[in-house]
Structure formats: C-alpha cells, structure tokens
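Step one of this worksheet: look at the structure below.
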Amino acid sequence: MLIRDAVEADLPAIVEIYNSTISCQIVTADLEPVSVESRLTWFRSHTPARRPLWVMQCKDDIAGWLGFQSFYSGRRAYETTAEVSIYVSSKYRRQGVGRQLLQCAIECSPALRIKTLVGFIFATNTASLTLFANFGFDRWGYLPEVAEFEQGTGDLVIVGRRLT
13 MLIRDAVEAD LPAIVEIYNS TISCQIVTAD LEPVSVESRL TWFRSHTPAR
63 RPLWVMQCKD DIAGWLGFQS FYSGRRAYET TAEVSIYVSS KYRRQGVGRQ
113 LLQCAIECSP ALRIKTLVGF IFATNTASLT LFANFGFDRW GYLPEVAEFE
163 QGTGDLVIVG RRLT
C-alpha cells in the first residue's frame, strides 16, 4: 500500500468512500451524499506543502484517504493547528489503513509546520476514538447532542495531540 498526494482523478473514489459513511450516521454529519462537483473547491483547497490530501492506494483501489484542514482558517494564531480527517473504504476497514494514515500524518506534521492535530469524532464512533487514543490523542472537548439525525442526536468528541 502506498500513501501519496491525491490528484483530481482520485476525487470520485474519495467522494465514494465519504458517501459510504453517511448512512451509518457515526462518521459524518452530512445527511445526503455529496457530488464530485460539489467537492472540487474543497479538493483544490488542499496543498501538498501545507494542508495535504492523501490517498492510500492498494493496487488499483483507493483504500482510504486523509485530509488536513486548517483549524479556524484565516486566524494566524491557529496556523500551526490542523484538523485531520480519515475515511476508509468499507472494503479495507480493520486492515490498518487508518492506522497507517494517522501515523504518516503525525510523522509528516513537523514538515507541514503543524504542531497540534485535532480530530472531531462522534462519540458513537468507538473505532475512530480508539485509533486516535492509541496514537496519544486525548479528549479535549465534548459537545453533547450537537448533531441532529432522523434517529436522534449525536455527541461530538474533540480529540487533540500536541506534537512538540
């Protein structure tokens, strides 16, 4: 498996993986699938040298992806903090894809001038909470019932890790 910078030709696979998580309502707060076209601006906002978007390629498949987003974009005091998001194809879950992507993010963060990583994870997403905890992320916040779904509400856990 190879972790590399995403290219625009990867966007349909990135969107497909993302959309596959919507129905379970424990990974994302989107309620409807997104389109490739609607994600173009988001895709283009990533830059390999500062806020990359990576894919993990396994043969001809995209097994998963990781994106860095600026935390409170535009506010210079937060320039060294980034939110990290990880999505794994259902075909590759529980095979170490998320672990490899997160490890790479931690290792590469100093070169990206990132000193702090944060994640926003639904409280019911125990797999992601465990993954981040295993990499030294601590619970920094808890937002009860901030997401509204047909089946009820969702609590959001904020995890973080200072890298320096």
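Numbers in our numbering are just positions in the sequence shown, counted from 1, shifted up by 12. Heads up, the beta-carbon is just placed ideally off N, CA and C, and yes, glycines get one too.
query, result
"Alpha helix (DSSP H) segment containing Q115, residue limits", "V109 to C120"
"Touch test, the stretch 44-60 against the stretch 106-114, Cβ-Cβ under 8 Å, three pairs minimum", "no"
"Reduced DSSP secondary structure (H/G/I, E/B, other) of V39", "coil"
"Where R56 sits in the DSSP three-state scheme", "helix"
"C-beta atoms of D22 and P64 nearer than 7 Å", "no"
"Residues bridged to I170 (per DSSP)", "F132 and G153"
"Alpha-carbon spacing of T40 relative to Q69, whole angstroms", "22 Å"
"Cβ-Cβ distance between S35 and S102 below 7 Å", "no"
"Nearest residue (CA-CA) to R125, options E49, A61, V27 and D150", "A61"
"Segment limits, alpha helix (DSSP H) that includes L141", "T138 to N146"
"One or two residues paired with F83 in a DSSP bridge", "According to DSSP, F83 bridges with nothing at all."
"Buried versus exposed call for F155 [16 or more other C-beta atoms within 10 Å across all chains shown]", "In the sequence on display, residue 155 carries Leu and not Phe. Per the 10 Å Cβ criterion, exposed."
"Residue of F161, R151, E162 and R111 minimising C-alpha distance to G172", "R151"
"Assigned secondary structure, V27 (DSSP; H/G/I helix, E/B strand, else coil)", "helix"
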